[in-house]
Amino acid sequence: MPWLSIIGLGEEGVEGLSPAARALLEQAELVVGGHRHLALAGPLIRGRRLAWASPLADTLPELLAHRGRPVAVLASGDPFFFGVGSTLRPHLDPGEWRCLPQASSIALAAARLGWAQQDCPVVSLTGRPLEGLRPFLQPGRGLFVLCADGQTPARVARALSDWGLGETVMTVLEALGGPRERVRATTARGFDLADVDPLNLLTLEVRPGPGARILPRAPGLPDDWFEHDGQITKREVRALTLSSLAPRAGELLWDVGCGSGSVSIEWLLAHPANRAIALESHPERAARAMRNAADLGVPRLEVRRGRAPEGLEDLPAPDAVFLGGGARDAAVIERCWEALRPGGRLVANVVVVETQQVVLEAWQRLGGSLTRLSVERLDRVGGLHAFRPAMPVLQWVVEKG
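Quick note: to get this note's numbering, add 21 to the position in the sequence shown (first position is 1).
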């Protein structure tokens with residue numbers, strides 16, 4: 022029989038619990054939860070109460086020391102939806118726990134507004150940067166936002182206005198399901214709601230204004246969206262590079278010699294679970310890549326200062342490697358190839374002949390495909406126009422068997 026009961030609790034308190042949840046709560050020798058949850062469930066608690074520490078993980082040793090005896094953990098709504106259930110699960114064996122969820126705050130918000138949950142992404146700003154909203158802000162689409170505190174809605178409103186999305190409709194839903202429930206709507210530009218309850222969430226109906234930068238769902242962002250000093254993989258070549266890197270959900274990219282960080286940023290934009298480590302030896306470029314990542318909605322980009330191959334030591338094994346710089350050193354190619362996971366992809370873009378010679382030697386040993394990419398852009402020639410060719414790029418793509 023499971024010894025741990027993970028019980029979802031709504032703002033209505035014990036009145037919303039099922040008979041089974043009530044019985045498990047009353048029988049528990051130890052009840053763990055936040056101060057608010059412990060107060061809401063107070064009438065049914067018979068055992069010892071233990072409030073979560075900060076950080077929450079500091080409470081786990083004491084909780085797990087009760088293994089085999091009846092313990093209840095209280096959580097908000099659905100414990101496995103942005104909840105404590107996901108924190109507990111790695112420490113438990115199958116059969117040790119049971120979960121009795123309630124309606125999540127998202128379910129309650131959707132019910133109040135008549136929104137289809139499956140059509141609207143959910144973004145949490147609890148302990149996460151505000152810039153993480155940007156990839157999800159698509160015109161005419163709805164979005165649920167889990168807020169960290171009562172100040173979060175005002176911060177979101179200011180950010181939306183700065184991003185050219187001031188007409189976005191914001192609905193603030195506070196203390197859903199309880200006696201203090203309140204639902205108020207405004208626009209980002211006109212936001213003036215005061216006294217927002219710390220327990221709140223937002224819905225956004227995205228309405229861009231003129232000139233708003235909406236992040237597209239395909240690779241190839243305009244070059245001028247990045248801050249750079251000329252060390253950038255240009256838009257057309259970058260789109261083809263992302264196609265060759267073939268990002269898949271949850272994979273890790275090494276971006277060696279990242280420059281402006283454009284390739285690793287678009288790798289991260291491909292899926293919210295993707296990870297990227299960018300290596301850059303120039304301090305100004307490393308700082309610039311971090312600014313670009315924050316500005317374009319992926320502040321989770323990890324930028325490391327260093328030079329390959331030394332700077333690649335002790336990094337987790339990648340699923341893909343991009344050599345925008347560093348391919349001139351055969352030792353860098355060898356180090357990246359050794360670290361690459363089976364089925365992983367290595368992509369190198371090179372321009373100068375000396376680096377092409379190194380890449381051709383690696384291609385002869387490791388195989389893969391070679392493609393010469395050439396782009397011409399319209400430019401002025403005096404008072405007329407002509408197509409001016411950019412320097413051709415040799416792209417090497419190889420998959421590790």
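Where is the CB? At the ideal position from N, CA and C, for every residue including glycine. Keep in mind it's a predicted model, so treat the numbers as computed, not measured.
Are the CB atoms of Leu3 and Ile28 nearer to each other than 8 Å? With the chain covering 22 to 422 only, the question about residue 3 has no answer from this structure.
For Gly68, I'd like the list of residues in its chain whose CB is within less than 6 Å of its CB, leaving aside the five on either flank, ordered along the chain. Ala49, Glu50, Leu51, Val52
Are three or more beta carbon pairs between the stretch 206 to 218 and the stretch 188 to 197 nearer than 8 Å? yes
Environment of Leu399 [buried if 16+ CB atoms lie within 10 Å]: Here Leu399 is exposed: its Cβ has fewer than 16 other Cβ atoms, across all protein chains shown, within 10 Å.
Can you give the Cα-Cα distance for Glu420 and Gly365, rounded to whole angstroms? One C-alpha to the other measures close to 6 Å.
Would a check of beta-carbon distances place Gln139 closer than 8 Å to chain D? The structure shown contains no chain D; it holds only a single protein chain.
Taking the alpha carbon of Pro339 as the point to measure from, which residue in Trp358, Leu95, Gly163, Arg43 has its own alpha carbon closest? Nearest to Pro339 by C-alpha distance, out of Trp358, Leu95, Gly163, Arg43, is Trp358.
Could you please give the first and the last residue of the uninterrupted beta strand (DSSP E) stretch that includes Ala132? Premise fails: Ala132 lies in the alpha helix (DSSP H), 126 to 134, not in any beta strand (DSSP E).
Do you know how far the Cα of Leu129 is from the Cα of Gly198? 7 Å
Given a cut-off of 8 Å on the beta-carbon distance, is the pair Leu121 and Ala215 in contact? No; because the gap between Cβ atoms is not below 8 Å, this pair is not in contact.
Roughly how many whole angstroms lie between the Cα atoms of Gly54 and Gly104? Computed Cα separation, rounded: 12 Å.
For Val418, collect the residues of the same chain with a Cβ closer than 6 Å to its Cβ; drop the 5 residues on either side in sequence, then sort them by chain order. Ser265, Val368, Gly389, Ser390
Would you call the stretch 307 to 322 and the stretch 341 to 358 touching, i.e. three or more CB-CB distances under 8 Å? no
Can you find the residues in the same chain that come closer than 7 Å, C-beta to C-beta, to Phe247, ignoring five residues on each side of it along the sequence? Ile253, Ser281, Ser283, Asn313, listed in sequence order.
By alpha-carbon positions, which one of Glu397, Leu154, Pro150 ends up nearest to Ala407? Glu397
For a quick check, are the C-beta atoms of Leu113 and Leu25 less than 8 Å apart? yes
Any chance you could list the alpha helix (DSSP H) runs of at least 4 consecutive residues sitting entirely within the stretch 340 to 422, in chain order? List check, alpha helix (DSSP H) in window: 351 to 360, 374 to 387.
Can you give the beta carbon distance from Asp276 to Leu300, rounded, assuming they're within the 8 Å contact cut? 7 Å
Under the three-state reduction of DSSP, which class applies to Leu77: helix, strand or coil? helix
Val52 (DSSP reduced to helix, strand or coil): Here Val52 sits in strand by DSSP.
Rounded to a whole number of angstroms, what is the C-alpha to C-alpha distance between Gly251 and Glu152? 25 Å
Please determine, among Glu334, Ala180, Glu117, Cys141, the residue with the shortest C-alpha to C-alpha distance to Gly163. Cys141
Which residues mark the beginning and the end of the alpha helix (DSSP H) in which Val217 is found? Unbroken run through Val217: none, as it is neither H nor E.
Apply the 10 Å Cβ neighbour rule to Glu425 and answer buried if 16 or more other Cβ atoms are within range, or exposed otherwise. Nothing about residue 425 can be reported from this structure: the residues present for the chain run from 22 to 422 only.
Could you tell me which whole beta strand (DSSP E) segments of length 3 or greater appear in the stretch 144 to 212? Listed in chain order, they are 163 to 167, 190 to 195, 203 to 208.
Suppose contacts are defined by Cβ-Cβ distances below 8 Å. Is Arg256 in contact with Gly241 by that definition? yes
CB-CB length for Leu361 against Val342, believed under 8 Å: Correct: roughly 6 Å between the Cβ atoms.
Whole-angstrom C-beta distance between Gly34 and Leu61, which should lie under 8 Å: 4 Å
Distance, Cα to Cα, Phe157 vs Gly89? Straight-line Cα distance between these residues: approximately 43 Å.
Taking the beta strand (DSSP E) that Thr29 belongs to, which residues open and close that run? Looking at the sequence itself, residue 29 is Gly, so the reference to Thr does not match. Where Gly29 is concerned, the enclosing beta strand (DSSP E) stretches over 25 to 30.
Would you identify the three-state DSSP class for Asp335, choosing helix, strand or coil? coil
Check the DSSP bridge columns for Arg90 and list the partner residues they point to. Answer is none; Arg90 lacks a bridge partner.
Looking at Leu344: is its Cβ nearer than 8 Å to the Cβ of Ile298? no
In the structure shown, what three-state DSSP assignment does Glu301 receive? strand
On the criterion of 16 or more Cβ atoms from any shown chain inside 10 Å, does Arg201 qualify as buried, or is it exposed? exposed
Straight-line gap, Val227 to Trp184 (C-alpha atoms, nearest Å): 11 Å
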